[in-house]
Each structure stands twice: as C-alpha cells, then as structure tokens.
Amino acid sequence: MEKITIRPWTEQDIDIVTEMEARCFSDPWNKEAMTASYLAPFTHCFLLEAGGQVCGYCILSVLFEDAEVLNIAVDLPHRKQGYGNALMNAMHEKAIALGAEKCFLEVRESNLSAITLYKKYGYEQYGVRKRYYEDGEDALAMKKTL
Ligand SMILES: CC(C)(COP(=O)(O)OP(=O)(O)OC[C@H]1O[C@@H](n2cnc3c(N)ncnc32)[C@H](O)[C@@H]1OP(=O)(O)O)[C@@H](O)C(=O)NCCC(=O)NCCS
46 MEKITIRPWT EQDIDIVTEM EARCFSDPWN KEAMTASYLA PFTHCFLLEA
96 GGQVCGYCIL SVLFEDAEVL NIAVDLPHRK QGYGNALMNA MHEKAIALGA
146 EKCFLEVRES NLSAITLYKK YGYEQYGVRK RYYEDGEDAL AMKKTL
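Residue 168 in our numbering is what sits at position 123 of the sequence shown, and the numbering runs on without skipping anything.
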C-alpha cells in the first residue's frame, strides 16, 4: 500500500469530492449537499490521499454520544487496497476522541461491499428503513458500540 494521508477537507476539496461522489453513487449528493456537510458544525469530513492523488473521502457526524457515518467512498481505480479500512479507522478514532459511544449508519440492502466492510468493523443491523432511497430500495440501519 502506498503511503497514505488522511486529512480534513478544505473548501477547495469540495469540487473534487463532488466529482468523485458522482462516479461512486447512483444517487450522488450534489455540490450544495457536500458544502452543507462541510459547513455543518457537527460534521467531520476527511480526505484520503495516496501518492499525491485524492482516492477517497468520508463524512462523520458526532452529536454528543451518537456518531453517524454519513458518507464513505473510495474512487473505483483505488478500491480493494485498504483505503476503506483507513477511512473507517479515522472516523472511529475521531468519534471516540469526541466522546461518542455508538456509531450508526444506513446502507443500501444491495450494497454488499459496504455491508461487508461495516460488518468487519462490528456493525450489526438493528432495523430496516423501507423505501429509504429515491429509487425505492430499502436501507439497512446498522450500529456499533465504539
Ligand atoms: C465500500 C468502499 C468504500 C470500500 O472501499 P475499499 O477501499 O475498496 O475497501 P478496502 O479495500 O479498505 O476493504 C475493506 C473491507 O471492505 C470489504 N470489501 C471491500 N470491497 C469489497 C467487495 N468488493 N466485496 C466484499 N467486501 C468488500 C471487505 O470486508 C474488506 O476487508 P478485507 O480487505 O479484509 O477483505 C468502496 O467499495 C466504495 O467506495 N463503494 C462505493 C461507495 C459506497 O457504496 N459507499 C458506502 C455507502 S453506504
């Protein structure tokens, strides 16, 4: 694995993250949504760079004892190299440092790679959100104790 750096976004990163989001999701967040996430006082937005290239990003929210993974993606050419692991670790470290006790997330029920990633980190399904996505797909609600 190349040497990686994980750092908070700056405002200049929003465009590149929005472009990556469009490549990684069928229902991507637009620039306004990314900007809102960046500006929200309870969110923590991280960028993963390897070999000088931006390869992935994630967005965590922390409100008192509850954290939530709002978004995580690794650009296609860079997948299966451990970058998803590195982003998950960064989010959990941040959440714990801020005093969170649990971490929550929602994931498309068909998104096997993400569900496998989350289970690897100890997330367990605790519910289903029916027709959570615009195309009608259900979301699995998952959580873990930090
Ligand atoms: C989910 C995602 C972030 C994983 O990123 P990645 O950098 O490829 O992940 P890693 O290489 O760090 O792999 C970490 C773990 O994820 C799981 N995983 C990753 N790709 C997988 C695949 N194709 N099939 C099954 N499990 C997979 C495995 O548990 C893996 O652990 P292992 O290497 O010990 O087997 C990436 O596939 C992605 O960006 N997907 C599109 C965006 C998305 O769906 N995000 C989640 C929204 S809820």
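Where is the CB? At the ideal position from N, CA and C, for every residue including glycine.
Just to check, is the beta-carbon of residue i closer than 7 Å to a non-hydrogen atom of ligand 1?
i    : result
F149 : no
K48  : no
V62  : no
S106 : no
Y178 : no
F91  : no
L191 : no
R68  : no
I59  : no
S158 : yes
Q170 : no
DSSP on residue i, reduced to helix/strand/coil?
i    : result
K139 : helix
D60  : helix
Y171 : strand
N156 : coil
S71  : coil
P86  : coil
Using C-beta distances below 8 Å, list every residue in its chain close to residue i, excluding the 5 sequence neighbours before and after it, in chain order.
i   : result
R52 : F91, L92, E94
T80 : I59
Quick one: using the 10 Å Cβ neighbour count with 16 as the cut-off for buried, is residue i buried or exposed?
i    : result
D120 : buried
S71  : exposed
N134 : exposed
L108 : exposed
S155 : exposed
S158 : exposed
G129 : buried
Can you list, in chain order, the residues of its chain whose CB lies under 7 Å from that of residue i, leaving out five sequence neighbours each side?
i    : result
R174 : E151, D183, A184, A186
Can you give me the Cβ contacts of residue i inside the same chain, cut-off strictly under 6 Å, excluding the 5 residues immediately before and after it?
i    : result
A189 : What sits at residue 189 in the sequence shown is Lys, not Ala. Closer than 6 Å at Cβ, skipping near neighbours: C148, G167, Y168.
H123 : C100
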